[in-house]
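In this note's numbering, the protein residues as written are 168 to 813.
Glycine is no exception: its CB is placed at the ideal position from the N, C-alpha and C atoms.
Below is one structure, written out as structure tokens, with a few remarks after it.
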Amino acid sequence: MIEQIAFTVRFPPTDHYPMGRHFDRSIDFTTGMTGIVGPNEVGKSLCLEMIEFLLFGNKALRGAVGDYKHLKAHGSVLIRGKRYRIERTAKNALLGDGVDPIAVGTKPVNARILQILGYGLEVFRVANVANQGDAERLSKMLPTERKAMVDKLIGADQIEAIGAWCAEQALGLSREIAGLEAGLGAEPVKPEKPEGYRPADELREEITNLRSLQDTITRGDAFLANEPVVPEVGEAPTLLSLETLTKADQVLGLRTYDFDLEAAKTQEAAYTLWQQRKLFVDRYFAQPKVTQQQADDETTRLDLIRDLARLQQTPEILCPCGKPFTTADAEIARLQALISQFPDFPERCDLETEREALRRWWSQGKVAEGWAAVCDAPEAAEPKHDPRDAKSAVHVDEIRKALAELGVSTMSRAEIQALTGELRAYQAVCAARDGCAARHATWELSAKATRTAVSLARKAFSADRLMQTEQLLSAVTICDAQLATYQRSFLDWAQGRDRLTDLRRELASWRNGKQAMNDLRADTKTYLVPALSRVASHMLSQMTGGARGRIAVDEDFEIQVDGQPLNTLSGSGKVCANLAVRLGLGRILTNGVFPVFMGDEMDASMDADRAGHLHDALCALEGKLTQILVITHKRPACARVITLEN
Numbered sequence: 168m169i170e171q172i173a174f175t176v177r178f179p180p181t182d183h184y185p186m187g188r189h190f191d192r193s194i195d196f197t198t199g200m201t202g203i204v205g206p207n208e209v210g211k212s213l214c215l216e217m218i219e220f221l222l223f224g225n226k227a228l229r230g231a232v233g234d235y236k237h238l239k240a241h242g243s244v245l246i247r248g249k250r251y252r253i254e255r256t257a258k259n260a261l262l263g264d265g266v267d268p269i270a271v272g273t274k275p276v277n278a279r280i281l282q283i284l285g286y287g288l289e290v291f292r293v294a295n296v297a298n299q300g301d302a303e304r305l306s307k308m309l310p311t312e313r314k315a316m317v318d319k320l321i322g323a324d325q326i327e328a329i330g331a332w333c334a335e336q337a338l339g340l341s342r343e344i345a346g347l348e349a350g351l352g353a354e355p356v357k358p359e360k361p362e363g364y365r366p367a368d369e370l371r372e373e374i375t376n377l378r379s380l381q382d383t384i385t386r387g388d389a390f391l392a393n394e395p396v397v398p399e400v401g402e403a404p405t406l407l408s409l410e411t412l413t414k415a416d417q418v419l420g421l422r423t424y425d426f427d428l429e430a431a432k433t434q435e436a437a438y439t440l441w442q443q444r445k446l447f448v449d450r451y452f453a454q455p456k457v458t459q460q461q462a463d464d465e466t467t468r469l470d471l472i473r474d475l476a477r478l479q480q481t482p483e484i485l486c487p488c489g490k491p492f493t494t495a496d497a498e499i500a501r502l503q504a505l506i507s508q509f510p511d512f513p514e515r516c517d518l519e520t521e522r523e524a525l526r527r528w529w530s531q532g533k534v535a536e537g538w539a540a541v542c543d544a545p546e547a548a549e550p551k552h553d554p555r556d557a558k559s560a561v562h563v564d565e566i567r568k569a570l571a572e573l574g575v576s577t578m579s580r581a582e583i584q585a586l587t588g589e590l591r592a593y594q595a596v597c598a599a600r601d602g603c604a605a606r607h608a609t610w611e612l613s614a615k616a617t618r619t620a621v622s623l624a625r626k627a628f629s630a631d632r633l634m635q636t637e638q639l640l641s642a643v644t645i646c647d648a649q650l651a652t653y654q655r656s657f658l659d660w661a662q663g664r665d666r667l668t669d670l671r672r673e674l675a676s677w678r679n680g681k682q683a684m685n686d687l688r689a690d691t692k693t694y695l696v697p698a699l700s701r702v703a704s705h706m707l708s709q710m711t712g713g714a715r716g717r718i719a720v721d722e723d724f725e726i727q728v729d730g731q732p733l734n735t736l737s738g739s740g741k742v743c744a745n746l747a748v749r750l751g752l753g754r755i756l757t758n759g760v761f762p763v764f765m766g767d768e769m770d771a772s773m774d775a776d777r778a779g780h781l782h783d784a785l786c787a788l789e790g791k792l793t794q795i796l797v798i799t800h801k802r803p804a805c806a807r808v809i810t811l812e813n
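Below is the structure:
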């Protein structure tokens, strides 16, 4: 069944279509009968051509591949009840089962489609499709051509090919038997085992044990010869502990100060209070040089000057008399008069400074409390020491006391660090001595057991025995290799002997197979001919409304309709008889594989009555064929109709 197809194709320009033609369609199909209708030249026949292209590739195209520009098609079909997804272009193809790709490339996909369907395009165009103008294909064939086509359709030619193949296989087997009989030769001779033969694994185990004893002696002698030496260590460089020296180094690394912290704090507080008094006097006791009225007059005068400057920027206007003027001339004159009335502000006086001095001078009552806090502060000199220098630092007296307690008060930091290095080196030497002593003690514990093991190994080990065992192992290895070669040779000889027996049986089977293929071909033709005649006769009766009722097909595929040769029928009768036989072949041979029939304008030569009977007959096949697709200009009587438009 065809579930869906989508295709794109462009045709080159022609006289009728100077711009060329472009088709881009996507159609979903269902089970049952579907009619495809539409005006001429809308691509109805192209739909069936693209279905054949999807299944069989470029050889299904009606024209040369070069005429199909940008050809691309994809769709899904059901074959033997399994869904397949196919994608094709003129140069490539892909076949998948909906999940994974099955074949990629034009040739692999064509081969796999042929394998899945069981037949190719030629059989498909007889059993599954009647293309436009192709309905009478059977009647146009000679009887020998129809016979060859049916033989190919039913597989009779394959049966003959299988029979010939069986004969070829039988001939090949006869020749192989003759060659094998000539090359089999005599039975191989088994080799003799060496004197004292023992299994190789047993000899290897004995050699391993002897070498283990040898290794025990070698390793034991080496162990006993390497007694650990415990070195001697002199006296310690100092009686002080490493911890004491480390603490002393840390103490000497602290930041220190050497002045009286409390006295420095007192001097700092007095100096700070004196500075605050000086700042207070400088800030609040500066006497202004002008009066409040002079400061206010100057403020007003400056505001008027700013207004005058803004008005003087007013654009000039030319009077008709030729004299320029501005709209602010009157106001400018007024401001200039007002400004001239104010007295000049005293020189070397800054207005903002004087206003601030006036404000402070007249608010002395508000700072009395602050003045009371600093007015009695005496003059104080800047302190020599900053108390902050003592922060996170230790007084030198405390450092001396700590060093005295540690017993290193007379030593410098460099001397302490040097002594620390010497003490650590001494402790490392002591640790090495202790390690050597521990290893020597451990060696003493193992030495006794090692001497015993070496003594026992010397008694059990023999160099001559090891050499003899190794020589015997070499001889046994050679013998085992010869035995293995003999066993392979004997196995090959026995297999050749058994192969001859099997080949003789297979030769008989191939000869029987050839005879069976001959019998099968005769049985197949015996079954097909009456079954095809019955099915085709029933279809013909439906298509002609009972006007024709019987089709007879003999073993040589001569076709008669109601006793009349097929070629002597009228146009529509010939079409109906051809379609009846082709549908019969499809139902009998391909219904379980691909139960689909497609017809392109099969009713072109029929009147309305005959066309109606044909459509009724096709509708009656809905329960026997899964899918029927019909292209026609006469609207078919089916449940689903696809109308194609330009």
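Secondary structure at LYS357: coil, using DSSP grouped into helix, strand and coil. Rounded to whole angstroms, the gap between the alpha carbons of GLU523 and ARG473 is 22 angstroms. When the beta-carbon positions are compared, ASP301 and ASP770 stay at least 9 angstroms from each other.
For the 9 angstroms CB-CB criterion, PRO358 and GLN649 form a contact. For VAL418, the three-state secondary structure derived from DSSP is helix. Between the stretch 402–412 and the stretch 652–667, the count of Cβ pairs shorter than 8 angstroms is below three; the stretches do not touch. Excluding the 5 residues flanking it on each side, SER700 has same chain C-beta neighbours closer than 7 angstroms at ILE718, ALA719 and VAL720, in chain order. With contacts defined by Cβ atoms closer than 9 angstroms, SER629 and LEU370 do not form a contacting pair. Going by DSSP, ASP474 is part of the alpha helix (DSSP H) stretching over 459–478.
DSSP, reduced to helix, strand and coil, places ALA495 outside both helices and strands of the structure shown, so it counts as coil. With respect to the 9 angstroms criterion, LEU796 and PHE764 are classified as neighbours on the basis of their beta carbons. About 15 angstroms separates the beta carbons of GLU219 and PHE196, which is beyond the 8 angstroms limit, so they are not a contact pair. Collapsing the DSSP output to three states places HIS241 in a strand. Boundaries of the beta strand (DSSP E) around MET765: 763–767.
When DSSP reads this structure, LEU261 sits in a beta bridge with GLU254 and VAL271. Excluding five sequence positions before and after LEU412, the CB atoms of its chain that fall closer than 7 angstroms to its own CB belong to ILE583, LEU586, THR587 and LEU590, given in chain order. DSSP places LEU407 in no alpha helix (DSSP H); its state is neither H nor E. Remark: C-beta atoms of ARG567 and GLU399 do not approach each other more closely than 9 angstroms.
Assignment of alpha helix (DSSP H) within the stretch 572–609, counting only whole runs of 4 or more residues, yields no such run. Between LEU518 and ALA476, the C-beta spacing is not below 9 angstroms. Here ALA614 has LEU391 as same chain residues with Cβ atoms under 7 angstroms from its own Cβ, once five neighbours each way along the sequence are excluded.
Nearest Cα to LYS741 within the set ILE172, THR711, ALA173 and GLY753: THR711. For VAL702, the CB contacts under 7 angstroms within the same chain, skipping 5 residues up- and downstream, are GLY751, ARG754 and ILE755 in chain order. DSSP lists HIS189 and LYS236 as the bridge partner or partners of ARG177. Between ASP264 and ARG250, the C-beta spacing is below 9 angstroms. Close CB contacts of ARG468 within its chain, under the 7 angstroms cut and outside five residues either way in sequence, are with ILE506 and PHE509 (chain order).
Between LEU781 and CYS805, the gap from beta carbon to beta carbon reaches 9 angstroms or more. Taken atom to atom, the span from the alpha-carbon of GLU611 to that of ARG618 is near 11 angstroms.
In this structure, ILE194 sits near ALA173, with a CB-CB distance shorter than 9 angstroms. The Cβ atoms of LEU640 and LEU351 do not sit closer than 9 angstroms to each other. Counting only the Cα atoms, ARG229 lies some 8 angstroms from GLU216. One Cα belongs to LEU570, the other to GLN442, and the distance between them is close to 42 angstroms. If you compare the alpha carbons of TRP677, ASN225, ALA548 and THR201 with that of LYS274, the shortest gap goes to ASN225. Note on geometry: alpha-carbon atoms of THR636 and ILE374 lie some 7 angstroms from one another. Taken atom to atom, the span from the alpha-carbon of GLU394 to that of ASP631 is near 32 angstroms. In the three-state scheme derived from DSSP, where H, G and I count as helix and E and B as strand, GLN794 is classed as strand.
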